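Number of protein chains: 2
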Amino acid sequence: MKILKNIFKNSRSNEDGIFFGEIQNIIGFKPSSIQYYQKAFTHRSTNKMDFKGNPMNYERLEFLGDAMLSAVIAAYLYNQVPTGDEGYLTKMRSKIVSREHLNELGRDLNLIRFVESKVPTQHFGENIHGNIFEALIGAIFLDKGYDYCQKFIHKCVIIPYVDIAKLEGKVISYKSLLIEWCQKEKKSFNYDVFDDNGIDGQKYFGVKLSIDNKVISKARATSKKKAEEKASQRAYFVFQEMIDHKQ
Amino acid sequence: MKILKNIFKNSRSNEDGIFFGEIQNIIGFKPSSIQYYQKAFTHRSTNKMDFKGNPMNYERLEFLGDAMLSAVIAAYLYNQVPTGDEGYLTKMRSKIVSREHLNELGRDLNLIRFVESKVPTQHFGENIHGNIFEALIGAIFLDKGYDYCQKFIHKCVIIPYVDIAKLEGKVISYKSLLIEWCQKEKKSFNYDVFDDNGIDGQKYFGVKLSIDNKVISKARATSKKKAEEKASQRAYFVFQEMIDHKQ
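This is how it looks when you write it as structure tokens:
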């Protein structure tokens, strides 16, 4: 019996170790207390309780993460757009933290693979992706404080997704902008799309964008359209910089 | 001309020094960059611009402060009420950060005395009090970061105003609770109210609450009712503790 218990204990530790490593990869720094992250991926259907008898699932962490995300985005927009008034800042923030956008963020990180639940995860609606993304932010706040929370949001929300020009509706699609530019400048272009699956079983697409037969940018995303858009945006900024340097 | 300029410069510095001291008194620590606080009390009617031509008034800081206040209160409630679910936490937070409550907080600190405006401040509606209170929080965040923001909110919002039992509607008034208790225990009570004005010209009331001719608690607030309520709450906690110790 004792041996069985030890085997069980070791296998749990291994599992915890894998989870620890994967969380570290996602958040970009070492967690201090892994318990917060375990809670962030525990669904209410498990009926888990802490030692005081309080429900142990991600719902309260979601509330906390939502508040932290709003604060970090508010501070980012405040600094980034000094010309934007209160109305503009409020509107921009709600675009960034929209339910749809948060679901996309959670889905792209494939957070659902960590969810512990009594109900098959396929039965959850779309919002589960955004909810656990927010819960993860809540866990980071409790574990490491505001500054790390801000670090994570910069890495996983602001850098890859927040593009002020696009949010303002000034740029609808970088792909169409780039195609237009190529046609005007009489340059050939080619989007080379290929499957690029990660080790986690999530379906990814890779794109190489060539202009005049020279690879200009690469991108990877969960849909062909998104990967093409990302590659176009990167190419656009490369050219923008080149033009700025010439002037 | 040079002498005049110097006199002017000195008188501005003195003014800035007084402002610096008063802000330090209110926030409870030394500001690093006084400019943020000056902005927090500048009304749009002044039409002030920064050196880049962007409007310099408190409206954008109000947006930032609102976000930080929401985040700090969320974290406080998360830790303070481990039994409260997401719905409970959301409801409690909106009670604490309600427009009415924020106006009360700003009014009690008499923040309006700092407002620089082309319009007489009497012409502003009630919301000015809450708005500049939020702007002050935004200024603290920019000047000193999240942790100081949290410190200030604990000192000026949570400690003096946030009473979970009262917010939950379990206690409507500590004064009536205390009177009821005195009658049940056959004790005499007396609220001794007196004027207690500060140096800043704001009208304050002081209260000494005696039970069986012994002063049990004291309080100071901007209305008689508030001062009596505060004193009653303090007395209530004194007795609560005595009863807990006996048990």
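Residue numbers (UniProt numbering), protein chains in the order written: chain A, 1 to 247; chain B, 1 to 247.
For glycine and all other residues, C-beta sits at the position ideal for the given N, C-alpha and C.
Everything numeric in this text was worked out from a predicted model, so none of it was measured.
Where the alpha helix (DSSP H) containing residue i begins and where it ends
| i | result |
| --- | --- |
| Leu129 (chain B) | Reading off the sequence, residue 129 (chain B) comes out as His, not Leu. That run of the alpha helix (DSSP H) goes 127-144. |
| Val72 (chain A) | 59-80 |
| Glu168 (chain B) | First-last for Glu168 (chain B): undefined, no H or E at that position. |
| Asn103 (chain A) | 99-108 |
| Gln122 (chain B) | Note, Gln122 (chain B): premise wrong, no alpha helix (DSSP H); not H, not E. |
| Lys155 (chain A) | Per DSSP, Lys155 (chain A) belongs to no alpha helix (DSSP H) and is neither H nor E. |
| Thr90 (chain B) | 86-96 |
| Lys39 (chain B) | 34-40 |
Beta carbon proximity, residue i to chain A, threshold 8 Å
| i | result |
| --- | --- |
| Ala75 (chain B) | yes |
| residue 248 (chain B) | No statement about residue 248 (chain B) is possible, as the shown extent of chain B runs from 1 to 247 and does not include it. |
| Ala46 (chain B) | Before going on, a small fix: residue 46 (chain B) reads as Thr here, not Ala. No, because no Cβ of chain A sits closer than 8 Å to the Cβ of Thr46 (chain B). |
| Phe29 (chain B) | no |
| Phe239 (chain B) | no |
| residue 283 (chain B) | This structure leaves residue 283 (chain B) out entirely; chain B is present only between 1 and 247. |
| Glu168 (chain B) | no |
| Asn6 (chain B) | Caution applies to Asn6 (chain B), whose pLDDT of 45 falls short of 50 and renders its modelled position unreliable; the value that the coordinates give is listed next. No, its Cβ sits nowhere closer than 8 Å to a Cβ of chain A. |
| Asp212 (chain B) | no |
| Tyr236 (chain B) | no |
Proximity of residue i and residue j at Cβ, strictly below 8 Å
| i | j | result |
| --- | --- | --- |
| Leu102 (chain A) | Phe133 (chain A) | yes |
| Leu111 (chain B) | His123 (chain B) | no |
| Asn54 (chain B) | Pro31 (chain A) | no |
| Leu61 (chain A) | Gly138 (chain A) | yes |
| Glu104 (chain A) | Phe41 (chain A) | no |
| Phe189 (chain A) | Ile159 (chain A) | no |
| Arg99 (chain B) | Asn127 (chain B) | yes |
| Asp85 (chain A) | Glu59 (chain B) | yes |
| His43 (chain B) | Val119 (chain B) | yes |
| Phe114 (chain A) | Phe20 (chain A) | no |
| Lys95 (chain A) | Leu167 (chain A) | yes |
| Thr222 (chain B) | Arg93 (chain B) | no |
| Asp50 (chain B) | Ile34 (chain B) | no |
For residue j and residue i, believed in contact at Cβ under 8 Å, the rounded distance
| i | j | result |
| --- | --- | --- |
| Val215 (chain A) | Phe205 (chain A) | That pair is no contact at about 16 Å. |
| Phe236 (chain B) | Tyr174 (chain B) | A small correction: the amino acid at residue 236 (chain B) is Tyr; Phe does not occupy that position in the sequence shown. At roughly 5 Å, the Cβ-Cβ gap stays under 8 Å, so Tyr236 (chain B) and Tyr174 (chain B) are in contact. |
| Ala227 (chain B) | Ser217 (chain B) | Actually they are not in contact, since the Cβ atoms of Ala227 (chain B) and Ser217 (chain B) sit about 11 Å apart, beyond 8 Å. |
| Ala71 (chain B) | Ala67 (chain A) | 5 Å |
| Lys155 (chain A) | Gly28 (chain A) | 5 Å |
| Ala219 (chain B) | Leu64 (chain A) | Contact doesn't hold; Cβ gap of about 33 Å is too wide. |
| Val97 (chain A) | Leu69 (chain A) | 6 Å |
| Leu89 (chain B) | Ile26 (chain B) | No, Leu89 (chain B) and Ile26 (chain B) are not in contact; Cβ-Cβ is about 28 Å, not under 8 Å. |
Minimum Cβ-Cβ distance from residue i to chain B less than 8 Å
| i | result |
| --- | --- |
| Glu62 (chain A) | yes |
| Phe117 (chain A) | Rather than Phe, the amino acid found at residue 117 (chain A) in this sequence is Ser. Closer than 8 Å: no. |
| Glu228 (chain A) | no |
| Leu89 (chain A) | yes |
| Lys9 (chain A) | Its pLDDT being 47, under 50, Lys9 (chain A) is placed unreliably by the model, and the measurement read from it follows with that caveat. It does not: the Cβ of Lys9 (chain A) has no partner Cβ on chain B nearer than 8 Å. |
| Glu59 (chain A) | yes |
| Met68 (chain A) | yes |
| Gly71 (chain A) | In the sequence under discussion, the amino acid at residue 71 (chain A) is Ala, which differs from the Gly named in the question. With 8 Å as the cut-off, Ala71 (chain A) counts as an interface residue toward chain B. |
| Asp195 (chain A) | no |
| Glu126 (chain A) | no |
| Glu134 (chain A) | no |
| Asp16 (chain A) | no |
| Glu86 (chain A) | yes |
| Lys2 (chain A) | Because Lys2 (chain A) sits at a pLDDT of 49, beneath the cut-off of 50, its placement in the model cannot be relied upon, and the following sentence gives the value as read from the coordinates. No, because no Cβ of chain B sits closer than 8 Å to the Cβ of Lys2 (chain A). |
| Pro82 (chain A) | yes |
| Ser232 (chain A) | no |
| Tyr78 (chain A) | yes |
| Tyr146 (chain A) | yes |
Practice problem: Ignoring anything shorter than 4 residues or poking outside the UniProt domain "DRBM" (173-241) of chain A, list the alpha helix (DSSP H) runs there in chain order. | Solution: 174-184
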